[in-house]
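Enquirer: Sharing a structure below in structure tokens format, with a few things to ask.
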Amino acid sequence: MSKIYPNLPDKIEEMAEGDLEFKTQLVLAIQNGIQELKEKYSEGSLSQDAQIIQAIRHKVKPTLQLFGFDDLIDYLNEGKEILESTGFGSKFDKHASKVDLKLDKALDRLKSLS
Numbered sequence: 000m001s002k003i004y005p006n007l008p009d010k011i012e013e014m015a016e017g018d019l020e021f022k023t024q025l026v027l028a029i030q031n032g033i034q035e036l037k038e039k040y041s042e043g044s045l046s047q048d049a050q051i052i053q054a055i056r057h058k059v060k061p062t063l064q065l066f067g068f069d070d071l072i073d074y075l076n077e078g079k080e081i082l083e084s085t086g087f088g089s090k091f092d093k094h095a096s097k098v099d100l101k102l103d104k105a106l107d108r109l110k111s112l113s
């Protein structure tokens, strides 16, 4: 069993209710959402556009909550707090780099399930 998101397979199985095709589509949909989060978060960070970051955060948060990506939600909340308190700068850049690495790990975990 993987130490990264160990409950993810169970959550996906529970939602798929034994339907293999739906399970495959579900994993792909989660992957696509996290990939879009990775791309948009990076885009917003590079262009220093908080609206891009806010929009993608709101878009994917329900999926992250539903499938137990609590650490990613914590990181996104941390980024929101940084932007609200100090804005873009070195602190946010370090944060964005951590988020990027965490998103890569989540994507790797999802790929192991497909």
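For what it's worth, numbering that gives the first Met the number 0 labels the leading residue of the sequence shown as 0, then goes sequentially.
Here a beta-carbon is modelled for each residue, glycine too, at the ideal position from N, C-alpha and C.
Keep in mind the model is a prediction, meaning the values are calculated, not measured.
Buried or exposed: which applies to Leu65, given that a residue is buried once 16 or more other Cβ atoms fall within 10 Å of its Cβ?
Expert: So Leu65 counts as exposed.
Enquirer: Can you give, in chain order, each stretch of the alpha helix (DSSP H) that sits fully within the stretch 24 to 70 and has at least 4 residues?
Expert: Those alpha helix (DSSP H) runs which fall completely within the stretch 24 to 70 and span 4+ residues are 49 to 65.
Enquirer: For Ile51 and Tyr40, what's the separation of their Cα atoms in angstroms?
Expert: Each residue's Cα considered, the two are about 7 Å apart.
Enquirer: What's the gap between the Cα of Leu82 and the Cα of Ala49?
Expert: Going from the Cα of Leu82 to the Cα of Ala49 covers about 8 Å.
Enquirer: Between Leu109 and the rest of its own chain, which residues show a CB-CB distance below 8 Å, the 5 nearest in sequence each way excluded?
Expert: Hits under 8 Å: Leu7, Val26, Ile29, Gln30 and Ile33.
Enquirer: Does the separation of the CB atoms of Gly78 and His57 fall below 8 Å?
Expert: Result no, Cβ atoms of Gly78 and His57 do not sit closer than 8 Å.
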